[in-house]
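A.B. asks: Before I ask anything, let me first share the structure, which is written out below as structure tokens.
Protein chains: 2
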Amino acid sequence: MDKSPLITSNHSALFQIDVYVVVFTLRENRLQVLLNDLPSAGAWQIPGLALPTDLSLEETAAQCVAKYTGLHEAYLEQLYTYGDPDRNAVSVVYFALVPADSLLTPLDESAADWFPVDTLPPLILDHGDILTYALRRLRYKLEYSAVGFELLPDYFSLSELQSTYEIILGEKLDKRNFRRRILQAGIIESTPRRRTGEGRPAQLYRYRPDAVAEVKARRLFP
Amino acid sequence: MDKSPLITSNHSALFQIDVYVVVFTLRENRLQVLLNDLPSAGAWQIPGLALPTDLSLEETAAQCVAKYTGLHEAYLEQLYTYGDPDRNAVSVVYFALVPADSLLTPLDESAADWFPVDTLPPLILDHGDILTYALRRLRYKLEYSAVGFELLPDYFSLSELQSTYEIILGEKLDKRNFRRRILQAGIIESTPRRRTGEGRPAQLYRYRPDAVAEVKARRLFP
DNA sequence: GCAAAAGTGTTACAGTTACACCCATGG
DNA sequence: CCATGGGTGTAACTGTAACACTTTTGC
Numbered sequence: 001m002d003k004s005p006l007i008t009s010n011h012s013a014l015f016q017i018d019v020y021v022v023v024f025t026l027r028e029n030r031l032q033v034l035l036n037d038l039p040s041a042g043a044w045q046i047p048g049l050a051l052p053t054d055l056s057l058e059e060t061a062a063q064c065v066a067k068y069t070g071l072h073e074a075y076l077e078q079l080y081t082y083g084d085p086d087r088n089a090v091s092v093v094y095f096a097l098v099p100a101d102s103l104l105t106p107l108d109e110s111a112a113d114w115f116p117v118d119t120l121p122p123l124i125l126d127h128g129d130i131l132t133y134a135l136r137r138l139r140y141k142l143e144y145s146a147v148g149f150e151l152l153p154d155y156f157s158l159s160e161l162q163s164t165y166e167i168i169l170g171e172k173l174d175k176r177n178f179r180r181r182i183l184q185a186g187i188i189e190s191t192p193r194r195r196t197g198e199g200r201p202a203q204l205y206r207y208r209p210d211a212v213a214e215v216k217a218r219r220l221f222p
Numbered sequence: 001m002d003k004s005p006l007i008t009s010n011h012s013a014l015f016q017i018d019v020y021v022v023v024f025t026l027r028e029n030r031l032q033v034l035l036n037d038l039p040s041a042g043a044w045q046i047p048g049l050a051l052p053t054d055l056s057l058e059e060t061a062a063q064c065v066a067k068y069t070g071l072h073e074a075y076l077e078q079l080y081t082y083g084d085p086d087r088n089a090v091s092v093v094y095f096a097l098v099p100a101d102s103l104l105t106p107l108d109e110s111a112a113d114w115f116p117v118d119t120l121p122p123l124i125l126d127h128g129d130i131l132t133y134a135l136r137r138l139r140y141k142l143e144y145s146a147v148g149f150e151l152l153p154d155y156f157s158l159s160e161l162q163s164t165y166e167i168i169l170g171e172k173l174d175k176r177n178f179r180r181r182i183l184q185a186g187i188i189e190s191t192p193r194r195r196t197g198e199g200r201p202a203q204l205y206r207y208r209p210d211a212v213a214e215v216k217a218r219r220l221f222p
């Protein structure tokens, strides 16, 4: 097994690398997170995979999302890397956002389930802290970058988007101000589609993949 | 060698983990970064150490700073973790801020040197990109959190602090606005000390270790 | 025609920027 | 007494927050 050519270590320690993914979605009007049952510990854990030799960290994270949700695309962002001196493993943690409607695909045989972020089961080790941190980062991110639509289907109404923000941030937002800002930010664009249902039909919007966004963007929400 | 109890991997790959630290300081009125000569490659690299079994990631980063600067305390923050599928090593990158005046301590025998961030030598691999990213993160951080004083001695004048910000952000700031904001933010406090020299003596300030700061703090600078 | 959700502008306020002069010391 | 850097307040402006009614559809 080759060593990195750049750093020669004295006692050349080797580690297993675990890639964990905190997967968020929006179900039943609540922000929920995917957890994996670990009966041997009588507790739940954030789903993860050991890094294999032939995949990058992000590919492994994506594969982890696929394994537990059936989705082969998701918004992924690296969160933090934890290294315990005790056990010789290092944990690289990502967070992912997946749209709830696409989750009909059955889960893997593995015993994973969704939990609202405010009513979590007992978690192993420091996974509770990691979740808390992930949630904080998600809220921060939302405030100045507008990733909310990652939790929605490709086409969505502004009311749905606003509701997403309200659920995650945990506060009511002003409808007119919300629309003005989100449109001024230029990250979504209106489409000819409309959603019909109760009340007046809603114009549908979609993400503009070419949006630069976030670069030097002011905070969008208070 | 034990495996992590949480994730059982099929082909149980093991990796060397390299901890790199992008060390920034302020010398000669320029933001400078510490680099390590790698004559075999004819290029320079970000200083790093292989993670040993008995240290945490952050401890290893701190030790790396100590090795190359002689400083046993520094502001440290995790930046990003890079995983190449090619070579079987994973790189956890930190950035550090060290006050220039404390650097009189001689460097390790290793061939490390300081370079202004705008005139870098050839760098190995993706270290140039990593540096660019570290610099962006430093600027972001400075804008809303006020870590500038980490580059200054314990006691400093407001003019020195302002100059620090101007050098890093690359733009002139208004003296009165700067003072008002930095004081309102409540992260530094005035001390009885004064610095004498040319012109009127300056009141000296120091960091308030008890400052909560940054939590929900608005951006401090444009 | 009414219930239900979508859509739309303006005003008051707060925070930010721009700006110029006096002060304390050392030489 | 003068050169040098330290220190101070206000007014115009810009961005943000608060707010209520009209529109379109399904039933």
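Chains A and B, in that order, are what the protein sequence lines are.
Using full-length UniProt numbering, read the first sequence as starting at 1 and increasing by one per residue.
Using full-length UniProt numbering, read the second sequence as starting at 1 and increasing by one per residue.
Glycine included, C-beta positions come from ideal geometry on N, C-alpha and C.
1) To the nearest angstrom, how far is the alpha carbon of B:D129 from that of A:G199?
2) Can you grab the Cα-Cα spacing for the pair A:D174 / A:R27, in whole Å?
3) Closer than 7 Å by beta-carbon distance: list the chain B residues that pair up with A:F149, in chain order.
4) Quick one: which residues of the region 77 to 104 of chain A get their C-beta closer than 9 Å to a C-beta of chain B? List them in chain order.
5) If contact is defined by three or more beta carbon pairs under 8 Å, each pair taking one atom from either stretch, is the region 73 to 92 of chain B in contact with the region 75 to 86 of chain A?
6) Within 10 Å of its beta-carbon, does B:K67 have 16 or more other beta-carbons around it, so buried, or fewer, so exposed?
7) For chain B, check one thing: does any of its Cβ atoms lie closer than 8 Å to the Cβ of residue 224 of chain A?
8) Can you tell which of A:T60, A:P122, A:S40 and A:V93 has its C-alpha closest to the C-alpha of A:R137?
9) Taking C-alpha atoms, which residue in B:E189, B:Q203 and B:I188 lies nearest to B:R195?
10) Less than 8 Å between the CB atoms is what I'm expecting for B:Y155 and B:I187, so what's the real figure, rounded?
11) Taking C-beta pairs closer than 8 Å, name the residues in chain B that A:G199 reaches, listed in chain order.
12) Is any beta-carbon of chain B found at less than 8 Å from that of A:G42?
13) Can you find a CB in chain A that lies within less than 8 Å of the CB of B:G170?
14) Distance check for A:Y20 and A:V147, CA to CA, integer angstroms please.
15) Quick check on DSSP: helix, strand or coil for B:D2?
16) Please confirm whether A:L161 and A:R139 have their CB atoms less than 8 Å apart.
17) Given A:L49, which residues of its chain have a CB within under 6 Å of its CB, disregarding the five upstream and five downstream residues?
18) Which residue or residues does DSSP assign as beta-bridge partners of B:Y165?
19) With 7 Å as the limit, tell me which residues of the region 45 to 62 of chain A have their beta carbon closer than that to any beta carbon of chain B; keep them in chain order.
20) At the level of alpha carbons, what is the spacing between A:S190 and A:Y205?
21) Can you list, in chain order, the stretches of the beta strand (DSSP E) that have 3 or more residues and sit fully within the region 67 to 92 of chain B?
22) State yes or no: is the beta carbon of A:D18 nearer than 8 Å to at least one beta carbon in chain B?
23) Counting C-beta neighbours from all protein chains within 10 Å, is the total for A:Q45 16 or more, i.e. buried, or is it exposed?
24) Starting from the C-beta of B:E171, find all residues in its chain whose C-beta is less than 7 Å away, skip the five residues before and the five after it, and write them out in chain order.
25) Using 10 angstroms around the beta-carbon of B:F15, count the other beta-carbons present and answer buried if the total reaches 16, otherwise exposed.
26) Helix, strand or coil for B:P39 per DSSP?
27) Using the C-alpha atoms, what's the distance from B:H127 back to B:L135?
28) State the beta-bridge partners of A:Q63 as determined by DSSP.
29) In the structure shown, what three-state DSSP assignment does B:G186 receive?
30) How about A:T164 and A:L183: are their beta carbons less than 8 Å apart?
31) What is the residue span of the alpha helix (DSSP H) that B:D129 lies within?
32) With DSSP as the reference, please indicate the residues paired to B:S157 in a beta bridge.
33) Using the Cα positions of B:A89 and A:S145, report the straight-line distance between them to the nearest angstrom.
34) Should A:V117 and A:V33 be called a contact, given that it needs their Cβ atoms to be closer than 8 Å?
35) If you measure between the beta carbons of A:A112 and A:P47, is that distance less than 8 Å?
C.D. replies: On the basis of the supplied data:
1) Rounded to the nearest angstrom, the two C-alpha atoms are 51 Å apart.
2) Computed Cα separation, rounded: 23 Å.
3) Here the premise fails: no neighbours, minimum Cβ distance about 23 Å.
4) Those would be Q78, Y80, T81, Y82, G83, D84, P85, R87, N88, A89, V90, S91 and V92, in chain order.
5) Three or more Cβ pairs drawn from the region 75 to 86 of chain A and the region 73 to 92 of chain B lie within less than 8 Å of each other, which places the two stretches in contact.
6) Burial is judged here by how many other beta carbons sit within 10 angstroms of a residue's own beta carbon; B:K67 has at least 16 and is buried.
7) Any question about residue 224 of chain A goes unanswered here, given that chain A covers just 1 to 222.
8) Just measuring C-alpha positions, the residue of A:T60, A:P122, A:S40 and A:V93 sitting nearest A:R137 is A:V93.
9) Proximity to B:R195 across B:E189, B:Q203 and B:I188 peaks at B:Q203, based on C-alpha coordinates.
10) Not quite, the Cβ-Cβ distance comes to about 15 Å (not below 8 Å), so this is no contact.
11) Residues of chain B with a Cβ closer than 8 Å to the Cβ of A:G199 do not exist; the shortest Cβ-Cβ separation is about 36 Å.
12) Output row for A:G42: interface = no.
13) No, because no Cβ of chain A sits closer than 8 Å to the Cβ of B:G170.
14) Going by the C-alpha atoms only, they are around 20 Å apart.
15) Only weak support is given to the placement of B:D2: the predicted model assigns it a pLDDT of 39, under 50, and the question is left unresolved by the model.
16) Cβ distance not < 8 Å, so A:L161 and A:R139 don't count as in contact.
17) Excluding residues within five positions, the ones whose Cβ falls inside 6 Å are V19, T60 and C64.
18) None; B:Y165 has no bridge partner.
19) Hits within the stretch, in order: Q45, G48, L49, A50, L51, P52, T53, D54, L55, S56 and L57.
20) Distance between the alpha carbons of A:S190 and A:Y205: 4 Å.
21) Complete beta strand (DSSP E) runs here, min 3: 75 to 83.
22) By this cut-off, A:D18 is an interface position.
23) A:Q45 comes out buried.
24) Once the five neighbours on either side are set aside, B:E171 has no close Cβ partner at all.
25) Under a 10 Å Cβ-count criterion, B:F15 is classified as buried, with 16 or more other Cβ atoms of the shown protein chains found around its own Cβ.
26) In the three-state reduction of the DSSP assignment, B:P39 falls in the helix class.
27) Approximately 12 Å, taken between the alpha carbons.
28) DSSP output for A:Q63 lists no bridge partner at all.
29) In the three-state reduction of the DSSP assignment, B:G186 falls in the coil class.
30) No, they are not a contact pair.
31) Bounds of the alpha helix (DSSP H) holding B:D129 are H127 to S145.
32) Note: B:S157 sits in a beta bridge opposite B:L204.
33) In a straight line, the C-alpha of B:A89 is about 32 Å away from that of A:S145.
34) Going by C-beta atoms, A:V117 is nearer than 8 Å to A:V33.
35) A:P47 sits close to A:A112, with the two beta carbons spaced by under 8 Å.
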